[in-house]
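Below you'll find the structure, written out as structure tokens, and then a few comments.
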Amino acid sequence: MLLKIKDVLRGNKKIIENFSFLTFVQIFTLISPLLTYPYLIRIVGLELYGVIVFAQSIVGYISLFVNFGFGTSGPRDVAILKENHEKLSEYVSSVFILKFIFWIICFLVYFLTITLVPYFQDHLLIYYITFFISLGDLFFPIWFFQGIEKMKYITFINIIVKIIFVIGVFIFVKEQFDYINIVILNFLGALISGLLGCIMVFRYEKIKFIIVSREILAKEFKTNSSLFISTVSIQLYMNFNKMIIGSFLGMKEIAIYDLGEKIVTLLKTPLFMFNQAVFPKISREKSIQFINKSMLLVLGFIILIYLNVFIFSEEIVQFFIGKINQEAIIITRILGVSLVFMTISMFLGGLRLIPFGYNKEYMKAMLFNGIVYCVIISILYIFKSINLYSLTIGYVLVEILCCIYLFFVNKKLRLL
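Here you go:
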């Protein structure tokens, strides 16, 4: 028995090492909001904090365009090319060049829109500064570190940034008027992580930045188009709720929804850690047996976590905002259901279809999600039923239907 365990550990040494580094990062990720979120809500209030969240949700879509699906394809392509340093340098350079082009386009469109649309005028400075959080998406090559399976870089950079943010919050946010410092700290964190990431890639990993041909850029653009559409479709229903709440219900409501979402995001942490740790291995080995065993193990763990959150949701909400808020408790419980179906979808989609080369099938699945979400929102709008609960249930329903759709796609492709 002990020999068998040793063999398993030896065979998955890199995964265990990467998972350990990611665990260390996520401990800080978990501690950071526990320290700062309750404090920020008490100092700036739900209304102003809601404005910051609303601005971040808009910039979240900027990040989609800047990343252009490289967050999904990058780890796979880097894992394949990492033994060929010349080709790897060419690929990394092409990704950075394309992302920079997309960032410039987004910069022009965003600033023109924010400046001219009256809706944004009351908090113009928040929207302006928040845009530059996208510099983190431009420069920080998490996709590269995943591909070469060196999560220690991600660990090092994330811990530095989070420590700076936590210390900065307690030093520079003392009263409600200091709300703008929250935005500045977020921007500085993104900038520092991006610059440190680039230093690690080009100095320590000896990647050479080269000016690649238009043909190579066009090839990468075309290759990632389907993944980009998939990512947009995913983020459409994952982030658009906050934009709708901010536009139709108010900034206080968006802060309440964001609280529930943040709690659920903390619960997703083990899921994301596992995804990042095993993706390179699955991309190389394409073992369906390994995927299925992993799925059952992680799913059981996630269900156990959700049951605990459901039971203790009242205490959790009270800890974050200092009082019992019934809306936040219900939102947290409903959103938590999505964890179960999101886990299954991750193993059926991102950890199965993409490693096996079924990018178009994955894109179709995500487009299906986007269409379903739009239909649900349209129905709610027509019947004047847009509220916190209906939007939250709509989001969970999309996750359930996504899970069912992906199951039948995998069954058809014989990937189960």
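Take any residue in the sequence shown, count from 1 to its spot, add 132: that is its number in our numbering.
Where a beta carbon is used, it is the ideal one built from N, C-alpha and C, also for glycine.
Can you tell me whether residue i is buried or exposed, with buried defined as 16 or more other CB within 10 angstroms of its CB?
i, result
"residue 521", "exposed"
"residue 458", "exposed"
"residue 254", "exposed"
"residue 350", "exposed"
"residue 227", "buried"
"residue 541", "buried"
"residue 456", "exposed"
"residue 419", "exposed"
"residue 308", "exposed"
"residue 250", "exposed"
"residue 484", "buried"
"residue 245", "exposed"
"residue 442", "exposed"
"residue 416", "exposed"
"residue 338", "exposed"
"residue 408", "buried"
"residue 395", "buried"
"residue 140", "Bear in mind that the predicted position of residue 140 carries a pLDDT of just 45, short of 50, making it too unreliable to give a figure here."
"residue 413", "buried"
"residue 403", "buried"
"residue 342", "exposed"
"residue 222", "buried"
"residue 545", "exposed"
"residue 421", "exposed"
"residue 385", "buried"
"residue 435", "exposed"
"residue 133", "Any reading at residue 133 is ruled out, since the residue's pLDDT is 47, under 50, leaving its predicted position unreliable."
"residue 247", "exposed"
"residue 231", "buried"
"residue 306", "exposed"
"residue 347", "exposed"
"residue 168", "buried"
"residue 340", "exposed"
"residue 439", "exposed"
"residue 136", "Low local confidence applies: a pLDDT of 48 at residue 136 is under 50, so the model's placement there is unreliable, and no value is given."
Terminal residues of the continuous alpha helix (DSSP H) containing residue i?
i, result
"residue 539", "520-545"
"residue 257", "256-263"
"residue 402", "383-417"
"residue 517", "From DSSP, residue 517 is part of no alpha helix (DSSP H); its letter is neither H nor E."
"residue 465", "458-480"
"residue 213", "202-213"
"residue 450", "420-453"
"residue 241", "217-248"
"residue 270", "266-271"
**Study point:** Complete alpha helix (DSSP H) runs within the segment 278-352 (minimum length 4 residues, chain order)
**Key:** When DSSP assignments are scanned along the segment 278-352, the uninterrupted stretches of alpha helix (DSSP H) that are 4 or more residues long and fall wholly within it turn out to be 283-304, 311-331.
Check your understanding: Touching or not, the segment 233-244 and the segment 193-208, by the rule of three or more beta carbon pairs under 8 angstroms?
Key -> yes
Practice item. Would you check if there are 3 or more beta carbon pairs closer than 8 angstroms linking the segment 368-384 to the segment 506-525? Key: yes
**Study point:** Meets three-Cβ-pair contact criterion under 8 angstroms: the segment 350-360 and the segment 198-217
**Key:** yes
**Study point:** Inter-stretch contact at 8 angstroms, needing at least 3 Cβ pairs: the segment 523-542 / the segment 488-498
**Key:** yes
**Study point:** Stretch pair the segment 177-187 + the segment 209-228: three plus CB contacts closer than 8 angstroms
**Key:** In the pairwise beta carbon analysis, the segment 177-187 is classified as not touching the segment 209-228: fewer than three pairs are separated by under 8 angstroms.
Exercise for review: Give a yes or no on contact between the segment 431-450 and the segment 504-512, applying the rule of three or more CB pairs nearer than 8 angstroms.
Suggested key: no
**Study point:** contact_flag[the segment 320-331, the segment 293-304] where n(CB pairs < 8 angstroms) is 3 or more
**Key:** yes
Exercise for review: Spell out a yes or no on whether the segment 527-534 and the segment 464-474 are touching, meaning 3 or more CB-CB pairs, one atom from each, closer than 8 angstroms.
Suggested key: yes
Check your understanding: Is the segment 471-489 touching the segment 425-432 in the sense that three or more CB pairs, one from each, lie closer than 8 angstroms?
Key -> The answer is yes - the segment 471-489 touches the segment 425-432, with three or more Cβ pairs under 8 angstroms.
**Study point:** Cβ pair count under 8 angstroms reaching 3, the segment 300-317 against the segment 266-277
**Key:** no
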